[in-house]
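Take a look at the structure set out below.
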Amino acid sequence: MSDEINMTIPIPTDDDGYVLLQCEQCGTYFKATPSDLEDDGVLHIFCPSCGLISENYVTEDVLELAMKMVTNAVNDMIYNEFKKMERHSKKGIITFKAGKRPKHKNEDPIRSGIEAMEICDFPCCKRTAKIKPLLKMTGAYCPFCGVKNYEIE
1136 MSDEINMTIP IPTDDDGYVL LQCEQCGTYF KATPSDLEDD GVLHIFCPSC GLISENYVTE
1196 DVLELAMKMV TNAVNDMIYN EFKKMERHSK KGIITFKAGK RPKHKNEDPI RSGIEAMEIC
1256 DFPCCKRTAK IKPLLKMTGA YCPFCGVKNY EIE
């Protein structure tokens, strides 16, 4: 049995190709393209609202789905080991019964939500991101370099 389990969680993009992110510092939602997020030229991602760098920008929906997937996988592994013990203890003095397989939690796919955002051009990095209209009016930090841009057009 392998010590490593790999799971993938597909995170959908919206109609414009942007992925939903959430700052773990202030909770602000914003969107960026996967190509910008995976670009080696981008060292850190900054929150457009607070300007801070977070360890991750995973939304609650993604974390919730990941927890359900892990719980289901672990329950399956434990049940399979119990079934092995049941097969090996059939002819002994002590017998073991595994019982019923645990029910799986629903692993509903993630939907690309929060559509009330506007595409903003950040001239400092020549990249775009989707942010809330209020941030666009009051000024936002560039998610790719952290420069504060006022009244983004």
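Per the working numbering, the sequence shown starts with residue 1136, numbered consecutively. Ideal Cβ placement from N, Cα and C applies to all residues, glycine included.
Residue from the options with nearest C-alpha to residue i
i: Cys1158; options: Asp1171, Ile1140, Gly1186; result: Gly1186
i: His1239; options: Asp1196, Met1212, Cys1277; result: Met1212
i: Arg1262; options: Tyr1192, Leu1200, Cys1277; result: Cys1277
i: Thr1194; options: Cys1260, Pro1145, Ala1233; result: Pro1145
i: His1179; options: Cys1260, Pro1268, Leu1269, Val1197; result: Cys1260
i: Thr1168; options: Lys1283, Phe1279, Gly1234; result: Phe1279
i: Pro1237; options: Arg1222, Met1252, Lys1218; result: Lys1218
i: Asp1196; options: Tyr1285, Pro1147, Met1272; result: Pro1147
i: Asp1243; options: Met1202, Thr1230, Asn1191, Asp1151; result: Met1202
i: Met1204; options: Thr1143, Gly1152, Pro1268, Met1272; result: Thr1143
i: Ile1245; options: Glu1253, Lys1283, Glu1199; result: Glu1199
i: Cys1255; options: Asn1241, Gly1227, Asn1284, Gly1162; result: Asn1284
Where residue i sits in the DSSP three-state scheme
i: Tyr1164; result: strand
i: Lys1271; result: helix
i: Leu1187; result: coil
Residue span of the beta strand (DSSP E) that contains residue i, given as start and end
i: Arg1222; result: It is not in any beta strand (DSSP E) - Arg1222 instead sits in the alpha helix (DSSP H) that spans 1195-1223.
i: Lys1265; result: 1262-1266
Bridge partners - residue i, DSSP secondary structure assignment
i: Asn1284; result: Ala1275
i: Asp1256; result: Thr1263
i: Val1177; result: Answer is none; Val1177 lacks a bridge partner.
Beta carbon of residue i nearer than 9 Å to that of residue j
i: Ser1184; j: Ile1266; result: yes
i: Tyr1231; j: Glu1216; result: Looking at the sequence shown, residue 1231 is not Tyr but Phe. Going by C-beta atoms, Phe1231 is not nearer than 9 Å to Glu1216.
i: Asp1171; j: Ala1264; result: yes
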